[in-house]
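S.K.:
There are 2 protein chains.
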Amino acid sequence: MANNRLSDLLHILVYIQMHQNQKLTSDLIASSLNTNPSLARRMMGQLRKADLLETTQGSATPKLTKDPKDITVFDVYLATCPDSPLLKVDHNTSKECQVGNAIPGVLNKYYLDIQSAAEAKMRHVTIQDLINDVEMSIRHHLMVAEQ
Amino acid sequence: MANNRLSDLLHILVYIQMHQNQKLTSDLIASSLNTNPSLARRMMGQLRKADLLETTQGSATPKLTKDPKDITVFDVYLATCPDSPLLKVDHNTSKECQVGNAIPGVLNKYYLDIQSAAEAKMRHVTIQDLINDVEMSIRHHLMVAEQ
DNA sequence: TGTTATTATAACATTAAAAGTAACAGCAGA
DNA sequence: TCTGCTGTTACTTTTAATGTTATAATAACA
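One line per chain: the protein sequences are A and B, in this order.
Quick note: the first sequence, position 136, residue 258 per my numbering, numbers continuous.
Quick note: the second sequence, position 16, residue 138 per my numbering, numbers continuous.
Structure below.
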């Protein structure tokens, strides 16, 4: 998966939570994402497998499995694609070359540290935080439009 | 560029520094990377543009521009590809939808924070650190082989 | 001053991954 | 039962990176 998949999954969760009382077909969700219903359903499938979303076949009633305060960006990041770090070590190096042989292991150590730092930040942001900001942004947008 | 390009650029700098007294053709460097000389030269070109490597057309004498202690992983990360963050916000959302319109800006704020945390870690690792670890790994490898 | 080796670079082909698209079986609800 | 929707699969298209080839320009040296 690409590293912009997270953006779409967060978008979907925020959209669904903010439209709980309204119609929530994959068609509507897809149009907010500027994509097609099939891809939207596939992405919702990722969220379902990560136990972040409940869906019912035949019924346009997706629902977060938890309070948005209890879902972090990190949870959603884990849903994007297992074992796909932000930085990838190139393991396809020459094993005949001493440097080529040693480099992947060495880089891996530092990459894990970088990854952890990023993940720590992800753990501190919740879907509710995003919703609050989106609502604020919408209010601000309306105020500007009214002037 | 892919997010494993950084791995190759670090590899190149370490390799060059550790073979300063030896032959350093793009062919040799490419074989350590398990790739082709043309791509190796292209990657060295990225390092040259970032002012991390000096090369001379016609002469197989690449050389780091600075002491390896003074080149950080972050410097090399900047060389990989300008304006390509670890996480990408999907800006292709519906502007007619309030959520679709607001989400990119909201996510961007949090993504910058995540990016900064990762970059801070990168700034604390130098090429010299990598060289030390590679040398240690080679020594350890030899010791095990001798037993 | 040639000759050979090498780099820098461009053009093109190949590959791989993601996204787009279409189709269809199965469930929900009226 | 009928309609609308989901879950899923298969296939096509697109895009980005890499692989490959070729060529002009420079360096080193006999």
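Glycine is no exception: its CB is placed at the ideal position from the N, C-alpha and C atoms.
None of the values given here were measured: they were computed from a predicted structure.
Classify Asp192/B as buried or exposed, calling it buried when 16 or more other Cβ atoms lie within 10 Å of its own Cβ.
M.R.: Asp192/B should be labelled exposed.
S.K.: Work out the CA separation of Gly180/A and Ile236/A for me, nearest whole Å.
M.R.: Roughly 43 angstroms between the two C-alpha positions.
S.K.: Report yes or no: do three or more beta-carbon pairs, one from the region 157-164 of chain B and one from the region 250-267 of chain A, lie closer than 8 angstroms?
M.R.: Taking 8 angstroms as the limit for Cβ pairs, the verdict is that the region 250-267 of chain A does not touch the region 157-164 of chain B.
S.K.: Is Tyr137/A near Val247/B, with beta carbons less than 8 angstroms apart?
M.R.: The answer is no: Cβ separation not under 8 angstroms.
S.K.: Quick one: complete alpha helix (DSSP H) runs, 4+ long, within the region 175-206 of chain A?
M.R.: Segments of the alpha helix (DSSP H) lying fully in the region 175-206 of chain A: 195-202.
S.K.: Exposed or buried, what is Asp197/B when buried is set at 16 or more other beta-carbons lying within 10 Å of its beta-carbon?
M.R.: Result: buried.
S.K.: List the residues of chain A whose Cβ lies closer than 8 angstroms to the Cβ of Thr215/B, in chain order.
M.R.: Simply His133, Ser154, Leu155, Asn156.
S.K.: For Leu148/A, count the other beta carbons within 10 Å of its own beta carbon; 16 or more makes it buried, fewer makes it exposed. Which is it?
M.R.: Reading off the sequence, residue 148/A comes out as Ser, not Leu. Its Cβ being crowded by 16 or more others within 10 Å, Ser148/A is buried.
S.K.: Which stretch, first to last residue, makes up the alpha helix (DSSP H) that contains Lys243/B?
M.R.: Where Lys243/B is concerned, the enclosing alpha helix (DSSP H) stretches over 220-245.
S.K.: 8 angstroms is my cut-off, CB to CB: does Gly180/A come that close to chain B?
M.R.: With 8 angstroms as the cut-off, Gly180/A does not count as an interface residue toward chain B.
S.K.: Report yes or no: is there a C-beta of chain B within less than 8 angstroms of the C-beta of Met166/A?
M.R.: Not one chain B Cβ lies under 8 angstroms of Met166/A.
S.K.: Who are the Cβ neighbours of Asp222/B in its own chain at under 6 angstroms, not counting the five residues just before and after it?
M.R.: One point to set straight first is that residue 222/B is Gly, not Asp, in the sequence displayed. Excluding residues within five positions, the ones whose Cβ falls inside 6 angstroms are Thr215, Ser216.
S.K.: So is Met265/A buried or exposed if we call it buried at 16+ other beta carbons inside 10 Å?
M.R.: Result: exposed.
S.K.: Per DSSP, which one or two residues make a beta bridge with Thr248/A?
M.R.: Partner(s): Thr194/A.
S.K.: In whole angstroms, what separates the C-alpha of Ala242/A from that of Ser129/A?
M.R.: If you take the alpha carbons of Ala242/A and Ser129/A, they lie about 18 angstroms apart.
S.K.: For Arg127/B versus Thr202/B, is the C-beta spacing smaller than 8 angstroms?
M.R.: Result yes, Cβ atoms of Arg127/B and Thr202/B sit closer than 8 angstroms.
S.K.: So Val195/A and Met244/A are supposed to be a Cβ contact under 8 angstroms. How far apart are they, rounded?
M.R.: Indeed, because the Cβ distance is near 4 angstroms, the residues count as touching under 8 angstroms.
S.K.: Going by other Cβ atoms of all chains shown within 10 Å of its Cβ, with 16 needed for buried, is Ala240/B buried or exposed?
M.R.: The residue is buried, with at least 16 neighbouring Cβ atoms inside 10 Å.
S.K.: Report all residues from its chain with a CB closer than 6 angstroms to the CB of Cys219/B; omit the five preceding and five following residues, and keep chain order.
M.R.: Answer for Cys219/B: no residue qualifies.
S.K.: Distance, Cα to Cα, Ala224/B vs Ile134/A?
M.R.: Taking the straight line from one Cα to the other gives about 13 angstroms.
S.K.: Counting only beta-carbon atoms, is Leu234/B nearer than 8 angstroms to chain A?
M.R.: Answer no: the Cβ-Cβ gap between Leu234/B and chain A never drops below 8 angstroms.
S.K.: Relative to the C-alpha of Leu131/B, which candidate in Leu252/A, Pro226/A, Leu150/A has its C-alpha closest?
M.R.: Measuring from the Cα of Leu131/B, the nearest candidate turns out to be Pro226/A.
S.K.: From this set, Leu252/B, His263/B, Glu268/B, Lys185/B, which residue's C-alpha is nearest Lys145/B's C-alpha?
M.R.: It is Lys185/B.
S.K.: Sorted by chain position, which residues of the same chain lie with C-beta nearer than 7 angstroms to Pro207/A's C-beta, five sequence neighbours on each side aside?
M.R.: Cβ neighbours of Pro207/A beyond the five flanking positions: Tyr233, Gln237.
S.K.: Under 8 angstroms, Cβ to Cβ, is there at least one residue of chain A near Cys219/B?
M.R.: Closer than 8 angstroms: yes.
S.K.: Given a threshold of 16 other Cβ atoms within 10 Å of its Cβ, counted over all protein chains shown, does Asp212/A qualify as buried or as exposed?
M.R.: Under this definition Asp212/A is a buried residue.
S.K.: Whose C-alpha, out of Asp173/B, Thr178/B, Asp189/B, is nearest the C-alpha of Met140/B?
M.R.: Met140/B has its Cα closest to that of Asp189/B, out of Asp173/B, Thr178/B, Asp189/B.
S.K.: Measuring only from the beta carbon, is Phe196/B closer than 7 angstroms to any heavy atom that is part of the ligand NAD?
M.R.: Looking at this structure, you won't find the ligand NAD or any other ligand, since it has none at all.
S.K.: Mind checking whether Thr187/A and Leu174/A have CB atoms under 8 angstroms apart?
M.R.: The answer is yes: Cβ separation under 8 angstroms.
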